[in-house]
Amino acid sequence: MTDITNLTLTELVKKIKSKEISSTDITSNYIERSKSSKKLNTYIEETFDDALANSKKFDAKPDFQKKLPGIPIAVKDLYCTKNVKTTAGSKILENFVPGYESTVTQNLWNSGAILLGKLNCDEFAMGSSNETSHFGNVLSPIDNNLVPGGSSGGSASALAAKLTPATIGTDTGGSIRQPASFTGTVGLKPTYGSCSRYGIVAFASSLDQAGPMTRDVKDCALLLEVISSFDSKDSTSIDFKRPNYFSDLNKNIKGKKIGIPKEYRVEGMPAEIEKLWENGKEYLKNCGAEIIDISLQHTKYALPTYYIVAPAEASSNLARYDGVKYGFRVEGENLIDMYEKTRSQGFGEEVKRRIMIGTYVLSSGYYDAYYLKAQKVRKLIKNDFDEAFNKVDAILTPSTPSSAFKVGEKMDDPVSMYLNDIFTVPVNLAGLPGISIPAGLDENNYPLGLQLIGKPFDEQGILNIAYSMEEKINFNLNTSDWWIK
Ligand code: GLN
8 MTDITNLTLT
18 ELVKKIKSKE
28 ISSTDITSNY
38 IERSKSSKKL
48 NTYIEETFDD
58 ALANSKKFDA
68 KPDFQKKLPG
78 IPIAVKDLYC
88 TKNVKTTAGS
98 KILENFVPGY
108 ESTVTQNLWN
118 SGAILLGKLN
128 CDEFAMGSSN
138 ETSHFGNVLS
148 PIDNNLVPGG
158 SSGGSASALA
168 AKLTPATIGT
178 DTGGSIRQPA
188 SFTGTVGLKP
198 TYGSCSRYGI
208 VAFASSLDQA
218 GPMTRDVKDC
228 ALLLEVISSF
238 DSKDSTSIDF
248 KRPNYFSDLN
258 KNIKGKKIGI
268 PKEYRVEGMP
278 AEIEKLWENG
288 KEYLKNCGAE
298 IIDISLQHTK
308 YALPTYYIVA
318 PAEASSNLAR
328 YDGVKYGFRV
338 EGENLIDMYE
348 KTRSQGFGEE
358 VKRRIMIGTY
368 VLSSGYYDAY
378 YLKAQKVRKL
388 IKNDFDEAFN
398 KVDAILTPST
408 PSSAFKVGEK
418 MDDPVSMYLN
428 DIFTVPVNLA
438 GLPGISIPAG
448 LDENNYPLGL
458 QLIGKPFDEQ
468 GILNIAYSME
478 EKINFNLNTS
488 DWWIK
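In the working numbering, the protein residues as written are 8 to 492.
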C-alpha cells in the first residue's frame, strides 16, 4: 500500500502507461489511506465510490495518450464540481451542489484524472491556517499540533500526508505558497490570467488564481500544463502561447540573474529564515546563476494594500449570498430580516470581519482615502517589479517569515495572522507567477520554503530554477504517519 502512495505523480503516470499498475490499484490505495487519516480532517466531501467506479471504467478502456491517465486527485473545495457538493468551507454553502464544473477541474478530468474528493479550506479562502473553516481545522501531518497553513490547508495536508498524489489550490495572497512552505511541498501561483477562474468560488477577483500543489517540481510542471488554458468563459483569462511546461523543464540556468530584494529582510525575522535564504543563494550560485541585490521599495505597503483591496472585492463578491440564490437561508419576518439572519448565521467571524472592512473602504467618503489610494499603491508595487525585471530574470525570497505555527496560536490576533502573508501578497498584487519549494528545516524540524518570483508568463523560468535548486537542496519530507491509528 505505502509503495503506491509513495510514488510521485510523474512516476504514477509512467507506471500506469507501462501497465505496471492500474488506475484501480492507485485509486484504492489512496482511498484506503485517506480513510485511515480522518484525524487530519482534510476532506470535506469524499467521492470514493465514484472514484473507484471511474478507475474501473478507465482500466476497462484505458487511454494512455492522456496526461493524467486514470490518476485520482482530490481538490480544494473552492472549485465547483458538477453534481458534487462545493462548500468553500462555509456554512452558507454547506448544501450547495453546483450544476456546472470549473474550467480548471474540467481540464483535469479531460486529461484523464479522477476526482477523489473535496478538500478542506479556510472559509471563502480567507485565512492562513485553515482554522476559519466551518468544517473544522485541519492538522498538519508534520506535527500533531501544527496548522498546515491556509487557505489551501486541506490540500497541503492531504498532499503531504499522501492522501492524494497531487492537488490544486487557489492563491489570492499566498494560499498555495504558504501552506506548501509549511508542509514541505511545492506550490505554484501562476501569472494572473493563466488559469481560468471560471467556476472557482470568488474571494477577490483581481487577485485569485488557481495553481498546482505537488510533491516535487516535475509534478508541478506537469500539473500546471494540464490546468493552464485560455478560457473564453473568464473575461480575465489571457490567450498566450503556453509552453509545454513539463517537457520543456530543464536545469540549464547558467547565467540567469537572480534578484535579492533588500526590503524582504524584515525586522524580527528568525535567524534560521535568514540562513535559509543565504543557503538558497549558494545553491543558485552553484547552479551557475548570478546573484544581484535589488530594491522593491514599496514592499512595506503591500500588506496594508492587500488588506484593503482583497476585503473590498470580497465584500462585493459575497453580496450574492443572501438566502435567495444559494443554499442556506434563515427565515425572517420580512425580506431584510431574512437577509440579516441568513448572513449573520451563515458566515463565520473572519468572513464578517472582511465584509465589514470591505464595505467600509468602499463607502462614500472613505473610497478615495482607502480604496483608491490602495489601487494607486498597488500600481507602485507593480512598477517596482517591472523595474527589477529589467535587471534580473527572477527574484528569490523566503516564502514565509516563520515555519508553521500551532493550532490556536494566532486566532485571537488577526494582524499577526495577516503578517504571515508578507512575502506572498506583493506577488498577487502585481499579478506575477511565484513558486514555493521546500528548502530546509527549522530547529524543530519543521519545513521552511523559499519563493521564486518570475516575470509575467515566465512560469517556465521559475520552474527551471526551482528544478535546479531542488536537486541541490535534496529535501526529504519525513512524516511519521502519527495520525494513522
Ligand atoms: N491569508 C491571506 C488571506 O487571508 C491569503 C488568502 C488566500 O490566498 N486565499 O487573505
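Even glycine gets a Cβ: it sits at the ideal position worked out from N, Cα and C. Predicted model only: the values in this text are computed from it and were never measured.
DSSP, read as helix, strand or coil, puts M418 in coil. For F71, the CB contacts under 8 Å within the same chain, skipping 5 residues up- and downstream, are I23, K24 in chain order.
Looking at S41, R361, N48, Y314, the one whose alpha-carbon comes closest to that of D56 is S41. For M418, the shortest C-beta to heavy atom distance toward the ligand GLN is 8 Å or greater.
Under the three-state reduction of DSSP, Y107 is assigned to coil, being neither helix nor strand.
Annotated as proximal: K196 and I183, with beta-carbon spacing under 9 Å.
Using a Cβ distance threshold of 9 Å, E466 and S235 count as a contacting pair.
With fewer than 16 neighbouring CB atoms inside 10 Å of its own CB, L379 falls in the exposed class. The region 258-290 is shown to contain whole beta strand (DSSP E) runs of 3 or more residues at 264-268, in chain order. Runs of the alpha helix (DSSP H) lying entirely within the region 110-179, each at least 4 residues long, are 110-117, 160-167 in chain order. With distances taken between CA atoms, I267 lies nearest to I460 out of I460, R350, I149. Between S118 and the set Q216, N102, V233, the nearest pair of CA atoms involves V233. Residue environment analysis places I402 among the buried positions, since at least 16 neighbouring C-beta atoms fall within 10 angstroms of its C-beta. Between the C-alpha atoms of T366 and A319 there is a straight-line separation of about 6 Å. Within a 10 Å sphere around the beta-carbon of D84 sit 16 or more other beta-carbons, which makes this residue buried.
For I460, the uninterrupted beta strand (DSSP E) segment begins and ends at 454-461. Per the C-alpha coordinates, the member of P155, S135, A173, N144 positioned closest to G124 is A173. Under the DSSP assignment, P79 falls in the beta strand (DSSP E) whose first and last residues are 79-83. Non-local C-beta neighbours of E108 in its own chain, meaning closer than 8 Å and more than five positions away in sequence, comprise C87, T88, K89, W116, G206, ordered along the chain. In this structure, the CA atom of Q216 is about 8 Å from the CA atom of S203. DSSP links E53 through a beta bridge to G124. In this structure, the CA atom of A67 is about 16 Å from the CA atom of L75. Between the ligand GLN and Q72, a heavy atom-to-CB distance of less than 8 Å is absent. Secondary structure note for E101: it is in no beta strand (DSSP E), with a DSSP letter that is neither H nor E. Taking C-beta atoms under 8 Å as the contact rule, L256 and L470 qualify, at a distance of about 6 Å. The residue among S44, N13, T15, S30 with its C-alpha nearest the C-alpha of W489 is S44.
Taking a C-beta distance under 9 Å as the contact criterion, I51 and G161 qualify as a contact pair.
Bounds of the alpha helix (DSSP H) holding Q382 are 380-395. Our two residues, F210 and V82, have alpha carbons roughly 17 Å apart in a direct line. L229 and T49 do not touch by the CB rule: their CB atoms are close to 22 Å apart, not below 8 Å. Assignment of A326 by DSSP, reduced to helix, strand and coil, places it in the helix class. Spatial neighbours of L146 in its own chain (CB-CB distance under 6 Å, excluding positions within 5 residues in sequence) are listed in chain order as L47.
With contact defined as three or more Cβ pairs closer than 8 Å, the region 304-322 and the region 279-287 are not in contact. Under the three-state reduction of DSSP, D428 is assigned to helix. With a cutoff of 9 Å on beta-carbon distance, N61 and L14 are scored as not near each other. For the pair P186 and M276, the CB atoms are not nearer than the 9 Å cut-off.
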